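A.B. asks:
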Amino acid sequence: MKHVWIRRYRAWGVAFAIATVAACSSVPGTRPASPERATVVASHRADVPPLVAHDSRGAGPGMTYSVGVQDADGPSVAAALQARYASAVTACPGGLPAVSCSGVLMRATVRGAYRVWNPNPVSRTPRGVPFSWLRRDAAFSGMVFNYTNGFIVVPYQTALGLPGRYTALEVQCVYAYDADTYNRTTGLRDGCSPHDTEKSTNTAPCQSQDIFNADQWLRRFEYATNRYTMQCGFRVSAGTPNAAAVFMALPAIRAKLPNEMWLHDELMVATWGQDDPRVPVEAFFFLAGSAAGLAEARANQTDFQAVTGHWVPVIQLTLPTSPNGPASFTYTP
Numbered sequence: 005m006k007h008v009w010i011r012r013y014r015a016w017g018v019a020f021a022i023a024t025v026a027a028c029s030s031v032p033g034t035r036p037a038s039p040e041r042a043t044v045v046a047s048h049r050a051d052v053p054p055l056v057a058h059d060s061r062g063a064g065p066g067m068t069y070s071v072g073v074q075d076a077d078g079p080s081v082a083a084a085l086q087a088r089y090a091s092a093v094t095a096c097p098g099g100l101p102a103v104s105c106s107g108v109l110m111r112a113t114v115r116g117a118y119r120v121w122n123p124n125p126v127s128r129t130p131r132g133v134p135f136s137w138l139r140r141d142a143a144f145s146g147m148v149f150n151y152t153n154g155f156i157v158v159p160y161q162t163a164l165g166l167p168g169r170y171t172a173l174e175v176q177c178v179y180a181y182d183a184d185t186y187n188r189t190t191g192l193r194d195g196c197s198p199h200d201t202e203k204s205t206n207t208a209p210c211q212s213q214d215i216f217n218a219d220q221w222l223r224r225f226e227y228a229t230n231r232y233t234m235q236c237g238f239r240v241s242a243g244t245p246n247a248a249a250v251f252m253a254l255p256a257i258r259a260k261l262p263n264e265m266w267l268h269d270e271l272m273v274a275t276w277g278q279d280d281p282r283v284p285v286e287a288f289f290f291l292a293g294s295a296a297g298l299a300e301a302r303a304n305q306t307d308f309q310a311v312t313g314h315w316v317p318v319i320q321l322t323l324p325t326s327p328n329g330p331a332s333f334t335y336t337p
């Protein structure tokens, strides 16, 4: 397969951010930088590092920049992902859940009947799309169905700050573990409803059961005999009271059950439109050691550029093998 040498998106005439490193592009005081040179912009919060973007003349080691340059090179994306993985923020600017500006929100995919960056057009949950969220304090060692590749999306707050470039994908609800959302089809049909066939345990949204934190969740579900079906999910969508605090139940639960780190979490994201030209794909990834995964990631990269006009990098992901363990994100030219 022909390697992609061009490392630039087509100019959109708008500021472009690769990623937020535990921050967002809407940070007060952030301003676009010129195409000739990006500039360092300090965050308004001490615990939120600056945004990362590409300097068109080539970024030196350890340099971080504000949003404002039209293209995104692979090494910068890999560095941003690495930083977001290591982040430990408990809330994002504006009081939004940590997933909005930290960690790595990804969807494992396999090439088939539709473009992988589109929602499944025949999904049983047409208003929700399942993703996983990887962060050091929410580590997992395997992907759904043992898939070996997929795509990573730009954080919600970055996308919100660039509405002309990105569709912001909002997380609707979160499950500490794979929740068999294929069989959570009632209610809003967004995958956040009770499990269709589980009758022995109440699996309705956690807050409706007065479950708001990890300890309350564990008292109900720690010893469940079927982790996939016997758990509730936490609503965190817009308007949810204390959504940032509620979201942090996810890493707290996983920290209490280290023997289950092999099983990924599951987050339901609000469905976006088919062939949306602003779908916020940040990178295609493959698992280290998987030649098949690499081949699919490169094919998806080529297709994405052909359809949308945007180049995004292919990133090799080495998953952690222990709770709170390291993961690595490496650009693959």
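So the number in this note's numbering is just where the residue sits in the sequence shown, counting from 1, plus 4. Every residue gets a Cβ at the ideal spot worked out from N, C-alpha and C, and that includes glycine. Just so you know, these numbers come straight off a predicted model, no measurement behind them.
Within 8 Å, do at least three Cβ pairs link the region 174-190 to the region 129-142?
C.D. replies: With the cut-off at 8 Å, the region 129-142 and the region 174-190 touch.
A.B. asks: I need the DSSP call for glutamate 264, collapsed to helix, strand or coil.
C.D. replies: For this step, residue 264 is matched to residue 260 along the sequence shown. Reduced to three states, the DSSP call for glutamate 264 is helix.
A.B. asks: Please report the straight-line C-alpha distance between alanine 27 and threonine 162, rounded to a whole angstrom.
C.D. replies: For the purposes of this step, residue 27 is taken as the residue at position 23 of the sequence shown. For the purposes of this step, residue 162 is taken as the residue at position 158 of the sequence shown. Bear in mind that the predicted position of alanine 27 carries a pLDDT of just 35, short of 50, making it unreliable; the figure below should be weighed with that in mind. Taking the straight line joining both Cα atoms gives about 8 Å.
A.B. asks: Does the Cβ-Cβ distance between phenylalanine 288 and glutamine 309 come in under 7 Å?
C.D. replies: Residue 288 sits at position 284 when you count from the first residue of the sequence shown. Residue 309 sits at position 305 when you count from the first residue of the sequence shown. No, these two residues do not count as a Cβ contact at 7 Å.
A.B. asks: Quick one: what's methionine 272 bridged to in DSSP?
C.D. replies: In the sequence shown, counting from the first residue as 1, residue 272 sits at position 268. Paired residues: Pro134 and Cys177.
A.B. asks: Where does cysteine 236 fall in DSSP's three states?
C.D. replies: In the sequence shown, the residue the question calls residue 236 occupies position 232. Correct three-state label for cysteine 236: coil.
A.B. asks: Would you mind stating whether valine 157 and proline 284 have Cβ atoms separated by less than 7 Å?
C.D. replies: By one-based count along the sequence shown, residue 157 stands at place 153. By one-based count along the sequence shown, residue 284 stands at place 280. In this structure, proline 284 lies closer than 7 Å to valine 157 by Cβ.
A.B. asks: Any heavy atom of the ligand COA inside 6 Å of the beta-carbon of asparagine 122?
C.D. replies: This structure lacks the ligand COA; in fact it carries no ligand of any kind.
A.B. asks: Considering only C-alpha positions, which residue in the set Ser326, Cys196 and Leu173 is nearest to glycine 277?
C.D. replies: To locate residue 277, count along the sequence shown from 1; it is residue 273. Of the listed residues, the one whose Cα sits closest to glycine 277 is Leu173.
A.B. asks: Taking tyrosine 89 as part of the alpha helix (DSSP H), name the residues at either end of that continuous run.
C.D. replies: The residue you call residue 89 lines up with position 85 of the sequence shown. Looking at the DSSP string, the run of the alpha helix (DSSP H) that includes tyrosine 89 is 78-90.
A.B. asks: For a minimum of 4 consecutive residues, which ranges assigned as the alpha helix (DSSP H) are wholly contained in the region 149-194?
C.D. replies: You should have 160-164.
A.B. asks: Would valine 240 and alanine 247 qualify as a contact pair, given that the criterion is a beta-carbon distance under 7 Å?
C.D. replies: Numbered from its first residue, the sequence shown carries residue 240 at position 236. Numbered from its first residue, the sequence shown carries residue 247 at position 243. For valine 240 and alanine 247, yes; Cβs fall inside 7 Å.
A.B. asks: Determine the DSSP secondary structure at isoleucine 319, reduced to helix, strand or coil.
C.D. replies: The residue you call residue 319 lines up with position 315 of the sequence shown. Three-state DSSP puts isoleucine 319 in a strand.
A.B. asks: Quick check: the Cα distance between glutamine 235 and threonine 207, rounded to an integer number of angstroms?
C.D. replies: Position 231 of the sequence shown, counted from the start, is the residue given in the question as residue 235. Position 203 of the sequence shown, counted from the start, is the residue given in the question as residue 207. Rounded to whole angstroms, glutamine 235 to threonine 207 spans 5 Å at the Cα level.
A.B. asks: Taking 7 Å as the cut-off, decide whether the C-beta atoms of leucine 291 and leucine 271 are in contact.
C.D. replies: What you label residue 291 is simply residue 287 of the sequence shown in a count that begins at 1. What you label residue 271 is simply residue 267 of the sequence shown in a count that begins at 1. In this structure, leucine 271 does not lie closer than 7 Å to leucine 291 by Cβ.
A.B. asks: Straight-line CA distance for glutamate 300 to asparagine 230?
C.D. replies: In the sequence shown, residue 300 corresponds to position 296, counting from 1. In the sequence shown, residue 230 corresponds to position 226, counting from 1. Cα to Cα, the separation comes out at about 32 Å.
A.B. asks: If we ignore side chains and look at the alpha-carbon of each, how far apart do serine 204 and valine 148 end up?
C.D. replies: What you label residue 204 is simply residue 200 of the sequence shown in a count that begins at 1. What you label residue 148 is simply residue 144 of the sequence shown in a count that begins at 1. One C-alpha to the other measures close to 25 Å.
A.B. asks: Would you tell me roughly how many angstroms separate the C-alpha atoms of tryptophan 266 and glycine 165, rounded to the nearest one?
C.D. replies: As a first step, residue 266 must be located in the sequence shown, where it is residue number 262. As a first step, residue 165 must be located in the sequence shown, where it is residue number 161. Their Cα atoms are separated by approximately 35 Å.
A.B. asks: Could you tell me the distance, in whole angstroms, from the CA atom of tryptophan 137 to the CA atom of aspartate 269?
C.D. replies: Within the sequence shown, numbered from 1, the residue matching residue 137 stands at position 133. Within the sequence shown, numbered from 1, the residue matching residue 269 stands at position 265. Spanning the two alpha carbons is a distance of roughly 7 Å.
A.B. asks: What separation, rounded to the nearest whole angstrom, lies between the Cα atoms of valine 126 and aspartate 200?
C.D. replies: Here residue 126 corresponds to residue number 122 of the sequence shown, with the count starting at 1. Here residue 200 corresponds to residue number 196 of the sequence shown, with the count starting at 1. Rounded to the nearest angstrom, the two C-alpha atoms are 18 Å apart.
A.B. asks: Tell whether a beta-carbon distance below 7 Å holds between tyrosine 160 and serine 91.
C.D. replies: Counting from one through the sequence shown, the residue named residue 160 turns up at place 156. Counting from one through the sequence shown, the residue named residue 91 turns up at place 87. No, Cβ-Cβ distance for tyrosine 160 and serine 91 is not below 7 Å.
A.B. asks: Below 8 Å on the Cβ atoms is my guess for threonine 325 versus serine 145; work out the distance and round it to an integer in Å.
C.D. replies: If you number the sequence shown from 1, residue 325 lands on position 321. If you number the sequence shown from 1, residue 145 lands on position 141. Confirmed, Cβ separation roughly 6 Å.
A.B. asks: Does DSSP put arginine 258 in a helix, a strand or coil?
C.D. replies: Translated into positions along the sequence shown, residue 258 becomes position 254. Here arginine 258 sits in helix by DSSP.
A.B. asks: Please tell me whether tyrosine 227 and aspartate 184 are closer than 7 Å, where the distance is taken between their beta carbons.
C.D. replies: The residue given as residue 227 occupies position 223 in the sequence shown. The residue given as residue 184 occupies position 180 in the sequence shown. No.
A.B. asks: Less than 7 Å between C-beta atoms, sequence neighbours within five positions excluded: which residues of the same chain meet that for arginine 128?
C.D. replies: Numbered from its first residue, the sequence shown carries residue 128 at position 124. Excluding residues within five positions, the ones whose Cβ falls inside 7 Å are Tyr186 and Thr189.
A.B. asks: Could you name the residues of the same chain whose beta carbon sits closer than 6 Å to that of proline 101, not counting the 5 residues immediately before and after it, in chain order?
C.D. replies: One-based indexing of the sequence shown puts residue 101 at position 97. Closer than 6 Å at the Cβ level, and outside the excluded window around proline 101, lie Val240, Ala247, Ala248 and Phe251.
A.B. asks: DSSP state of cysteine 196, grouped into three classes?
C.D. replies: One-based indexing of the sequence shown puts residue 196 at position 192. Looking at cysteine 196 - three-state DSSP - the assignment turns out to be coil, as it is neither helix nor strand.
A.B. asks: Start and end of the alpha helix (DSSP H) containing glutamate 339?
C.D. replies: With the chain represented from 5 up to 337, any question about residue 339 goes unanswered, as that position is not in the structure.
A.B. asks: Return the residue from the list Asn124, Tyr335 and Val311 that minimises the CA-CA distance to aspartate 194.
C.D. replies: Taking the first residue of the sequence shown as 1, we reach residue 194 at position 190. Per the Cα distances, Asn124.
A.B. asks: Over what stretch of residues does the beta strand (DSSP E) that includes alanine 301 continue unbroken?
C.D. replies: Here residue 301 refers to the residue found at position 297 of the sequence shown. Run containing alanine 301: none in the beta strand (DSSP E); it sits in the alpha helix (DSSP H), 295-312.
A.B. asks: Rounding to the nearest angstrom, what Cα-Cα distance links alanine 242 and threonine 171 in this structure?
C.D. replies: Taking the sequence shown and counting its residues from 1, the one referred to as residue 242 is at position 238. Taking the sequence shown and counting its residues from 1, the one referred to as residue 171 is at position 167. Roughly 16 Å between the two C-alpha positions.
A.B. asks: Per DSSP, methionine 110 is paired with what?
C.D. replies: Position 106 of the sequence shown, counted from the first residue, corresponds to residue 110. Bridge partners of methionine 110: Ser136 and Ile156.
A.B. asks: Would you kindly report the start and end of the unbroken alpha helix (DSSP H) that includes leucine 222?
C.D. replies: Taking the sequence shown and counting its residues from 1, one reaches residue 222 at position 218. 218-225 is the span of the alpha helix (DSSP H), which, as asked, contains leucine 222.
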